[in-house]
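To convert a position in the sequence shown, counted from 1, into our numbering, add 22. Note that beta-carbon positions come from the ideal geometry of N, C-alpha and C, so glycine has one too. If you're wondering where the values come from, they're calculated on a predicted model, not measured in any experiment. This report concerns only the one structure given below.
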Amino acid sequence: MIYETWTPDETRAIGKQIGENAKPGEVYLLDGDLGVGKTVFVQGVADGLLIQGPVNSPTFTILQVYEEGRIPFYHFDVYRIADIDEMDEIGYEDYFFGDGVCFIEWAELIEEILPKDCKQIRIEKDLNKGFDYRKITIQS
Ligand code: ADP
Ligand code: MG
C-alpha cells in the first residue's frame with residue numbers, strides 16, 4: 023500500500039490505523055532518512071494502541087517499552103547502535119518473539135538479526151511535491 027501525506031497529522035493518522043490493527047508478535051520495520059517522520063508515525067501507532075503518554079524517539083536508549091496500552095508496545099530506535107551485541111544486551115529476542123508489537127526505527131541497521139516475516143514501512147520525501155510531503159509505503 024502506498025499513502026501520501028502533506029502534514030504530520032496525516033502521517034500520525036496512518037500510524038494510528040496500523041496501531042489499531044496491530045497484533046501480538048508482529049514486528050514492523052521503519053526505514054527512511056533522519057527527520058522523515060518515523061517517530062511521528064510511531065506516535066500515531068501508540069495512539070492506536072491506546073497508549074496515553076508521550077512517545078518520543080528513544081534514540082539514546084535503543085528501546086522504550088510501553089505496557090499500558092491494548093497490547094505491549096516495544097519501540098526501538100537503533101540509529102545509534104555501534105555493535106549488534108547491544109541488541110543481545112537488551113535481550114531483543116524477548117521482544118521480537120514476545121507478546122507485544124515491535125516497531126523498529128532504522129531497522130536496516132540490524133538486518134542480520136531481524137525475523138523473517140516482518141512488515142516493512144518506508145517513508146520518503148519528495149521535495150518536488152513540497153517540504154512536508156511524505157510517501158509512505160507499507161508492505162505486509
Ligand atoms: P524521524 O523519526 O524519521 O527521524 P521525526 O518523526 O522525528 O523523524 O521528525 C519528522 C519531522 O518532519 C517532524 O518535525 C515533523 O513535524 C515533520 N513533518 C513535516 N511534514 C510531515 C509529514 N507529512 N509527515 C510526518 N512528519 C512531517
Ligand atoms: Mg525518530
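If Gly70 and Gly47 are in contact, beta carbons under 8 Å, what's the gap, nearest whole angstrom?
Rounded, the Cβ-Cβ distance is 17 Å, inconsistent with contact.
Delimiting residues of the alpha helix (DSSP H) encompassing Thr29:
Counting along the chain, Thr29 falls outside any alpha helix (DSSP H), and DSSP gives it neither H nor E.
Might you give, ordered along the chain, the residues of its own chain that have their beta carbon closer than 6 Å to the beta carbon of Gly59, omitting 5 neighbours on each side?
Thr33, Ile145 and Arg156
Check whether Leu52 and Ala104 have beta carbons under 8 Å apart:
no
Just to check, is the beta-carbon of Pro76 closer than 7 Å to a non-hydrogen atom of the ligand ADP?
no
Nearest by alpha-carbon distance to Phe98: which of Phe153, Arg92, Asp148 and Glu115 is it?
Glu115
DSSP beta-bridge partners of Lys141
Tyr50
Tell me which residues share the same chain as Cys140 and place their Cβ nearer than 6 Å to its Cβ, disregarding the 5 neighbours each side in the sequence.
Val49 and Leu51
Can you round the beta-carbon distance between Gly37 and Val67 to whole angstroms, since I take them to be within the 8 Å contact cut?
4 Å
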